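Numbering (our numbering), first residue to last: 1142 to 1770.
The C-beta atom is built at its ideal place from N, Cα and C for all residues, glycine as well.
Because the structure is a prediction, the values reported are computed rather than measured.
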């Protein structure tokens, strides 16, 4: 796209006063227009109400369109363009004169006084995407800006997203783009390329002119073996960048301004990044964290948050409890030929919602961040901000272990990092068209996470999809799971609000007189469990009480009794005992014809106890809360 490139040459040719050649020449000679602009985020105005009035006024002084700032949509930003060294050429921002000063200058016929410099000029940028899609962004990160009219200067632009950086720099939690300019993986300068060519015996070509925005890259930073002076000691520049003496350039895991050298600054002030995060309200509203990187497959749609939350719309994948991840060379995003052949005729679309991937990391295990990770956890390291800057060190994902000598290669280090882990990830919900969920989550039979079945009569724990039916699944797994039905009184929290009194139903479809089963928690607090057979308790193999004799049910199970039947049994038995006692009361000794005082007395006592007490206690046996068939 270029200025005046929208001319209609055919239309111009129909005008008697126009020249097609002039029009074409004008387009050919037009300068290209920059569509995308790289910028550093100064502030994220996620909620202007969170900014005190003084802070809002300061933001207005930093903004290219101060009059529009207070009406800017949520998640607008202020950013400093850096493409082509733009920040270094940007004018200093000045406070706007007050109305009184303007009127006084008119009266006194003196120029309006210049105000004190308060910061660097920034661009107000609205979100490119509507609120239906809100992208994460933090102060200090670099962002793409676009304009709806690139041909002319604009006071308001639109920000699209955080800029993707090389693999050893890019971090879903926080990305400091200038890290790509330091360390052994930094792009080589023209001089470095020429020196390398000369050393290899190749003819060094004339180095091209250095761009105004790139600056120079010092050899001490880019070379893993820094040059030495005559004494054999590393040059002082390298020593200064290795404050803790661990042999690692602090800028590799720090927050450098450009290359870290004045002629290679991205922002004109030496400590611009640190000053920025020190005062940015938006920076304090996110939590730095080590987040494992996620390897997606080509067909997956993945949404990631900044703090280890992820939704993947794709196909089923994940490591199981007994999988041995030691020595693996690729992520489980890559399928083996055997698995591809097994699944080629099946539909395995799934939605994976997960929080806390790689939970078995240094923090969870109480270990040291420098310890080797337990796959699929991420390798971590404590970064090195400027001690006099605006942020404190925190543990981040080590995306460049080669620089810390933790690995010989970044590419092949810890290939399972961030992979779905059915056993270890903190919390997960899967919605699957078809799946091996029972096997994946190790709930496919006794001895895993299932109890021993009481007997075949009470159901089987065979694999659900053993028959090849490939059923759909919804499964959730976490440390704790809650299902809550709401209850809110009428007029709460405000007059006119309706009463809410919910219920919970867990239903297995079927015929009511055959295989229908349900657990229903009703709004009045009633819990109904319905099924063709209800089994409670454990088998003796799982620690269940075997009893002195085996029960009549399968695997020594004991059937429960109905109260009505038990009541009738007890009533009939006590009536029989009462009749027996009545007979004994008139008992006489054979041959003598005289009564037996001991027997007569005992019979009278037992009969009286049955009538006065025992029969009345039968009702006390029945539960007031538990009822059944």
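Three-state secondary structure (DSSP) of residue i
{"i": "residue 1202", "result": "helix"}
{"i": "residue 1454", "result": "strand"}
{"i": "residue 1773", "result": "One cannot answer for residue 1773 here, as it falls past the ends of the chain, which runs 1142 to 1770."}
{"i": "residue 1501", "result": "coil"}
{"i": "residue 1642", "result": "strand"}
{"i": "residue 1676", "result": "coil"}
{"i": "residue 1445", "result": "strand"}
{"i": "residue 1699", "result": "coil"}
{"i": "residue 1613", "result": "coil"}
{"i": "residue 1421", "result": "coil"}
{"i": "residue 1737", "result": "coil"}
{"i": "residue 1430", "result": "coil"}
{"i": "residue 1671", "result": "strand"}
{"i": "residue 1258", "result": "Residue placement at residue 1258 is flagged as unreliable, the pLDDT there being 45, under the threshold of 50; a coordinate-derived value is accordingly withheld."}
{"i": "residue 1722", "result": "helix"}
{"i": "residue 1727", "result": "coil"}
{"i": "residue 1460", "result": "strand"}
{"i": "residue 1403", "result": "helix"}
{"i": "residue 1318", "result": "helix"}
Close Cβ partners of residue i (< 6 Å) along its chain, the five nearest in sequence each way excluded
{"i": "residue 1527", "result": "1415"}
{"i": "residue 1578", "result": "1614 and 1616"}
{"i": "residue 1518", "result": "1499, 1501 and 1502"}
{"i": "residue 1433", "result": "1498, 1499, 1519, 1558 and 1559"}
{"i": "residue 1651", "result": "1657"}
{"i": "residue 1532", "result": "1418 and 1526"}
{"i": "residue 1543", "result": "1551"}
Cβ distance (whole Å) where residue i is taken to contact residue j below 8 Å
{"i": "residue 1464", "j": "residue 1453", "result": "With 8 Å as the limit, residue 1464 and residue 1453 do not qualify as a contact, their Cβ atoms being about 19 Å apart."}
{"i": "residue 1524", "j": "residue 1534", "result": "6 Å"}
{"i": "residue 1503", "j": "residue 1512", "result": "6 Å"}
{"i": "residue 1119", "j": "residue 1185", "result": "As displayed, the chain neither begins before 1142 nor continues past 1770, which places residue 1119 out of reach and without an answer."}
{"i": "residue 1646", "j": "residue 1659", "result": "7 Å"}
{"i": "residue 1481", "j": "residue 1394", "result": "About 39 Å separates the two Cβ atoms, so there is no contact after all."}
{"i": "residue 1322", "j": "residue 1178", "result": "About 19 Å; that fails the 8 Å criterion."}
{"i": "residue 1541", "j": "residue 1551", "result": "6 Å"}
{"i": "residue 1643", "j": "residue 1664", "result": "7 Å"}
{"i": "residue 1201", "j": "residue 1210", "result": "5 Å"}
{"i": "residue 1231", "j": "residue 1262", "result": "5 Å"}
{"i": "residue 1192", "j": "residue 1422", "result": "6 Å"}
{"i": "residue 1397", "j": "residue 1320", "result": "7 Å"}
Other residues of its chain near residue i: CB distance less than 7 Å, five sequence neighbours each side excluded
{"i": "residue 1270", "result": "1276"}
{"i": "residue 1461", "result": "1563, 1564, 1581 and 1583"}
{"i": "residue 1424", "result": "1279, 1280, 1281 and 1418"}
{"i": "residue 1590", "result": "1583 and 1584"}
{"i": "residue 1213", "result": "1186, 1265 and 1267"}
{"i": "residue 1740", "result": "1725 and 1728"}
{"i": "residue 1490", "result": "1456 and 1574"}
{"i": "residue 1539", "result": "1520, 1521, 1522, 1545 and 1547"}
Proximity below 8 Å, CB of residue i to CB of residue j
{"i": "residue 1435", "j": "residue 1417", "result": "no"}
{"i": "residue 1182", "j": "residue 1284", "result": "yes"}
{"i": "residue 1751", "j": "residue 1720", "result": "no"}
{"i": "residue 1500", "j": "residue 1567", "result": "yes"}
{"i": "residue 1299", "j": "residue 1335", "result": "no"}
{"i": "residue 1268", "j": "residue 1216", "result": "yes"}
{"i": "residue 1669", "j": "residue 1677", "result": "no"}
{"i": "residue 1771", "j": "residue 1448", "result": "No answer is possible for residue 1771: it lies beyond the span of the chain, which begins at 1142 and ends at 1770."}
{"i": "residue 1648", "j": "residue 1629", "result": "no"}
{"i": "residue 1206", "j": "residue 1296", "result": "yes"}
{"i": "residue 1390", "j": "residue 1318", "result": "no"}
{"i": "residue 1530", "j": "residue 1410", "result": "no"}
{"i": "residue 1708", "j": "residue 1767", "result": "no"}
{"i": "residue 1756", "j": "residue 1715", "result": "yes"}
{"i": "residue 1445", "j": "residue 1310", "result": "no"}
Any chain D beta carbon closer than 8 Å to residue i
{"i": "residue 1744", "result": "Structure shown: chain D not included; a single protein chain is present."}
Close Cβ partners of residue i (< 8 Å) along its chain, the five nearest in sequence each way excluded
{"i": "residue 1615", "result": "1570, 1571, 1572 and 1573"}
{"i": "residue 1473", "result": "1458, 1459, 1460, 1557, 1560 and 1561"}
{"i": "residue 1139", "result": "Since the first and last residues shown for the chain are 1142 and 1770, residue 1139 lies out of range."}
{"i": "residue 1315", "result": "1279, 1281, 1282, 1427, 1429, 1447 and 1537"}
{"i": "residue 1838", "result": "This structure leaves residue 1838 out entirely; the chain is present only between 1142 and 1770."}
{"i": "residue 1197", "result": "1189, 1210 and 1211"}
Residue i Cβ short of 7 Å to the ligand COA heavy atom set
{"i": "residue 1566", "result": "This structure lacks the ligand COA, and indeed carries no ligand of any kind."}
Minimum length 3: unbroken beta strand (DSSP E) runs contained in the segment 1561 to 1594: 1568 to 1573
Taking only runs of the beta strand (DSSP E) that begin and end inside the segment 1171 to 1231, which ones reach a length of at least 3 residues, in chain order? The qualifying runs are 1177 to 1186 and 1217 to 1222.
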